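Numbering (the numbering used here), first residue to last: 59 to 257.
Note that beta-carbon positions come from the ideal geometry of N, C-alpha and C, so glycine has one too.
Remember, it's a predicted structure, so these values are computed and weren't measured experimentally.
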């Protein structure tokens with residue numbers, strides 16, 4: 059295994075701390091102490107804590123988007139459900155303190171113009187990818203044609219982040235299971251059956 063360089067150590071330590079304590083509660087000194095490197099080396103790799111935070115957010119957002127993988131051998135809704143399940147498992151992995159930094163930073167740093175702009179861009183890209191999955195599901199007749207995939211994608215994200223907040227408060231994945239039951243049951247699947255009965 060290749061030895062990690064100083065920049066990688068700083069990045070990994072920052073990512074852990076941002077997940078566990080949040081951005082505002084994490085200082086540069088805590089990051090370098092956790093990384094086991096001198097404080098002076100921080101500025102050799104990152105201009106500021108903000109620059110590092112934006113980089114950690116970018117990598118986390120890319121990983122989140124890449125976790126939505128469409129498999130031509132399985133239904134689109136199954137792939138979408140698995141995507142959300144992977145994200146929910148992150149909250150368990152981080153002991154319910156954090157999960158998806160896109161959502162965490164969006165709520166914690168909404169007053170910071172750079173983080174707000176970046177978070178919004180990632181949210182829009184995420185919604186677009188979910189929308190694509192929903193369109194594929196419509197083409198496969200998994201969900202009714204009259205449903206607007208763009209609106210549904212934004213709603214699913216909003217509902218997921220609401221569930222994520224309750225996951226952290228309750229320290230339980232029950233809110234996620236409720237999200238899955240409603241979103242992929244009553245909202246998407248059962249609406250197809252209701253539409254069929256109405257014809």
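Give every residue of the same chain whose Cβ lies closer than 6 Å to the Cβ of residue 195, excluding the five residues on either side of it in the sequence, and list them in chain order.
For the purposes of this step, residue 195 is taken as the residue at position 137 of the chain shown. Contacts found: 134, 135, 201.
Buried or exposed, going by whether 16 or more other CB atoms sit within 10 Å of the CB of residue 188?
Against the chain shown, residue 188 aligns to sequence position 130. Classification for residue 188: buried.
Using the three-state DSSP reduction, which class does residue 128 fall into: helix, strand or coil?
The sequence position of residue 128 within the chain shown is 70, counting from 1. Coil at residue 128, not helix or strand.
Run the CB neighbour count on residue 101, radius 10 Å, all protein chains shown included, and call it buried at 16 or more, exposed below.
Locating residue 101 in the chain shown gives position 43, where the first residue counts as 1. Exposed, by the Cβ-count rule.
Through-space distance from residue 72 to residue 84, alpha-carbon basis
For the purposes of this step, residue 84 is taken as the residue at position 26 of the chain shown. For the purposes of this step, residue 72 is taken as the residue at position 14 of the chain shown. Distance between the alpha carbons of residue 84 and residue 72 is about 8 Å.
Closer than 8 Å: is that where the CB of residue 163 sits relative to any heavy atom of the ligand NAD?
Looking for the ligand NAD in the displayed structure turns up nothing, as the structure carries no ligands at all.
Reducing DSSP to helix, strand and coil, say where residue 122 ends up.
As a first step, residue 122 is located in the chain shown; it is residue number 64 there, counting from the start. If DSSP states are grouped into helix, strand and coil, residue 122 belongs with the helices.
On the three-state DSSP scale, how would you describe residue 148?
Residue mapping note: residue 148 aligns to position 90 of the chain shown, counting from 1. Correct three-state label for residue 148: helix.
Among the residues of its own chain, which have a CB less than 7 Å from the CB of residue 123, if the five just before and after it don't count?
As a working note, residue 123 is residue 65 in the chain shown. Hits under 7 Å: 183, 184, 187.
Excluding the 5 residues flanking residue 233 on each side, which residues of the same chain have their C-beta closer than 6 Å to its C-beta?
Position 175 of the chain shown holds residue 233. Correct list, in chain order: 221, 224, 225.
Are the CB atoms of residue 214 and residue 142 nearer to each other than 9 Å?
Start at 1 with the first residue of the chain shown, and residue 214 comes out as number 156. Start at 1 with the first residue of the chain shown, and residue 142 comes out as number 84. Contact: yes.
Quick one, are the C-beta atoms of residue 95 and residue 68 less than 9 Å apart?
Counting from one through the chain shown, the residue named residue 95 turns up at place 37. Counting from one through the chain shown, the residue named residue 68 turns up at place 10. Yes; because the gap between Cβ atoms is below 9 Å, this pair is in contact.
By alpha-carbon positions, which one of 66, 149, 76, 238 ends up nearest to residue 167?
The count along the chain shown starts at 1 and reaches residue 167 at position 109. Selected option, being the one with the closest Cα: 76.
Per DSSP, what kind of secondary structure is residue 155 in: helix, strand or coil?
In the chain shown, counting from the first residue as 1, residue 155 sits at position 97. The answer is coil: DSSP assigns residue 155 none of H, G, I, E or B.
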